[in-house]
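Quick notes on the structure that follows.
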Amino acid sequence: MIYLWPFSKDQMNGYINKFVKMNKKNKMNDNLDWTIQQYETTLKNYSNLNKMMEEPFLLRMILTVLPSLVKQYPTGTRISKAQVYETFNKQWIDVHVKELRIQTNPKKIKLAFQQYCQNLGFEMFIQGNQVATENNYNENICNELDPTIEVETKHMEEKLELKTNEDKTFVTNTQDVWEQYFNGDSIAKYVLRRVGDNKYQFVHKSCQEYYAAQKIIFDILSWKPDILTVDYQQFQQQFETH
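FYI, the numbering for the sequence shown is 4 to 245, going by the numbering used here.
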């Protein structure tokens, strides 16, 4: 396992310098006129962000959304990590909706993207997998063994057939899990980052964890028991089926 040491003050200042240059080139946010001094001065007004900025990805995230955070929260506000993620993920979806150039009801599309991310993030949490795989309709990905392979004994044939069937079942079950998230020409997957042939993940592991946690919280808040008075066992049974 690899651990990253927290950024020092000098490293943070150096990254801010690089970020401003990258932003002018890659347009990571719409505030291309923000200078290094403006970022540094603004960050001093939100002192609790300094500890978060020791983490490399969080530093980049904070710099990306800092102009938006300033508009939302007055000077001196203690901005939480959850609020930083909320702003970043909202901005991430906004950018991709603009890239798709969809004119019809963009608010509804953004909401659909958010729900998609929540469901997929939670599914990844359940599966213990940070990568979702889209079915390749052009070829069979069940990885079946070549049927022309001949084995010398019937015993070996039976063992090989059993092993092949087990592999097919496992792969098929895994495919079934992700199939609902890559339905035909669905555009929702474009909010994800493609990391290989038909493989997708969130821009960062922590973003997937944020969406998974968000879905769990929303499900808890939206759940209501079937009857007004329930004991602990009934509560647990009803909630598990929710």
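The beta-carbon is built from N, C-alpha and C at its ideal position, and this holds for glycine as well.
Pairwise C-alpha distance: residue j and residue i
i: Arg197; j: Tyr203; result: 4 Å
i: Thr191; j: Tyr119; result: The sequence given here has Ala at residue 191, not Thr. C-alpha separation (whole angstroms): 7 Å.
i: Asp200; j: Gly124; result: 20 Å
i: Glu137; j: Phe185; result: 6 Å
i: Gln183; j: Ser83; result: 33 Å
i: Pro59; j: Trp226; result: 37 Å
i: Lys21; j: Leu69; result: 16 Å
i: Met86; j: Ile65; result: A small correction: the amino acid at residue 86 is Gln; Met does not occupy that position in the sequence shown. Using only the alpha carbons, I get a separation of about 10 Å.
i: Val98; j: Pro109; result: 12 Å
i: Asn16; j: Asn29; result: 20 Å
i: Gly131; j: Ala215; result: 12 Å
i: Thr45; j: Val100; result: 28 Å
i: Arg63; j: Phe128; result: 24 Å
i: Glu57; j: Trp37; result: 21 Å
i: Ser11; j: Gln106; result: 44 Å
i: Thr80; j: Lys111; result: 30 Å
i: Asp250; j: Gln94; result: With the chain covering 4 to 245 only, the question about residue 250 has no answer from this structure.
i: Pro9; j: Thr78; result: 26 Å
Start and end residues, alpha helix (DSSP H) containing residue i
i: Gly17; result: Lys12 to Asn29
i: Gln118; result: Pro109 to Gln130
i: Gln106; result: No alpha helix (DSSP H) holds Gln106; DSSP gives it neither H nor E.
i: Pro59; result: Pro59 to Gln75
i: Leu52; result: Leu52 to Met55
i: Lys227; result: From DSSP, Lys227 is part of no alpha helix (DSSP H); its letter is neither H nor E.
i: Thr44; result: Ile39 to Lys47
Close Cβ partners of residue i (< 8 Å) along its chain, the five nearest in sequence each way excluded
i: Leu35; result: Asn26 and Lys27
i: Val180; result: Glu126 and Gln130
i: Leu52; result: Leu46, Ile65, Ile82 and Val87
Close Cβ partners of residue i (< 6 Å) along its chain, the five nearest in sequence each way excluded
i: Leu61; result: Met55
i: Phe205; result: Gln211
i: Val134; result: Lys202 and Gln204
i: Gln75; result: none
Per DSSP, cross-strand counterpart(s) of residue i
i: Phe135; result: In the sequence as displayed, the identity of residue 135 is Ala instead of Phe. Answer is Tyr203.
i: Arg196; result: Gln204
Nearest-angstrom beta carbon gap, residue j and residue i [assumed within contact, 8 Å]
i: Leu103; j: Tyr193; result: 7 Å
i: Lys218; j: Gln121; result: 4 Å
i: Leu114; j: Thr90; result: Between Thr90 and Leu114 the Cβ distance is about 16 Å, and since that is not below 8 Å, they are no contact.
i: Tyr42; j: Val23; result: 7 Å
7 Å CB neighbourhood of residue i in its chain, flanking five on each side removed
i: Ile96; result: Lys113, Phe116, Gln117 and Val194
i: Ile220; result: none
i: Ile19; result: Ile39, Tyr42, Glu43 and Leu66
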